[in-house]
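Going by our numbering, the sequence shown opens with residue 68, and the numbers climb by one from there.
Note that CB positions come from ideal geometry on N, CA and C, so glycine has one too.
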Amino acid sequence: KGTGTFELVVHGKAAHAGLEPWNGVNSLVAAAELITQVATFGDPATATTVTPTVATAGTADNVVPAEARVKVDVRVEQAGEKERIEGLFAGLTTSVPGARVEVLGGMNRPPMPASA
């Protein structure tokens with residue numbers, strides 16, 4: 068299978084969670100939304116797997132997190148799936164006002180035909 072690792076970096080804005088959370092932009096909430104989107108990218112019919120594997124966010128339990136990161140493992144058997152997956156990641160957006168999504172990484176090994 069071809070393999071790839073994507074990393075979603077969600078940029079928000081820190082604020083005190085107990086005093087003024089409305090002045091922040093919660094990157095963790097945006098990341099949660101993106102994880103649910105990414106989890107739908109796999110396709111059993113083509114043996115394509117897209118699996119969120121690592122997520123980190125925040126610096127303290129009383130601070131709206133300014134940044135969240137999500138790593139996603141991708142495996143494809145067909146060349147066309149590589150392009151489809153890359154397009155889906157490139158089009159990711161969040162509905163959280165003020166949050167910005169940056170997509171790093173990508174497919175790093177193309178699918179190889181089965182040996183005869």
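Item	Value
Helix, strand or coil for LYS65, going by three-state DSSP, please let me know.	Residue 65 lies beyond the range of the chain shown here (68 to 183); nothing can be said about it.
When the Cβ atoms of the region 106 to 117 are set against those of the region 158 to 172, are three or more pairs found closer than 8 Å?	no
Using the Cα positions of LYS138 and THR70, report the straight-line distance between them to the nearest angstrom.	13 Å
What three-state label does DSSP hand PRO88 in the structure shown?	helix
Under the assumption that ALA82 contacts VAL121 (Cβ atoms under 8 Å), give the Cβ distance between them as a whole number of angstroms.	Rounded, the Cβ-Cβ distance is 25 Å, inconsistent with contact.
Once the 5 residues before and after GLN104 are set aside, which same chain residues still bring their CB inside 7 Å of it?	LEU159
Ignoring anything shorter than 4 residues or poking outside the region 93 to 173, list the alpha helix (DSSP H) runs there in chain order.	94 to 105 and 146 to 157
Rounded to the nearest angstrom, what separates THR72 and GLY172 at their Cα positions?	6 Å
Let me know if ARG142 comes out buried or exposed under the rule of 16 or more other beta-carbons within 10 Å of its beta-carbon.	buried
What is the rounded straight-line gap between the Cα of MET174 and the Cα of SER94?	25 Å
Just to confirm, is the Cβ distance from ALA98 to LEU75 under 8 Å?	yes
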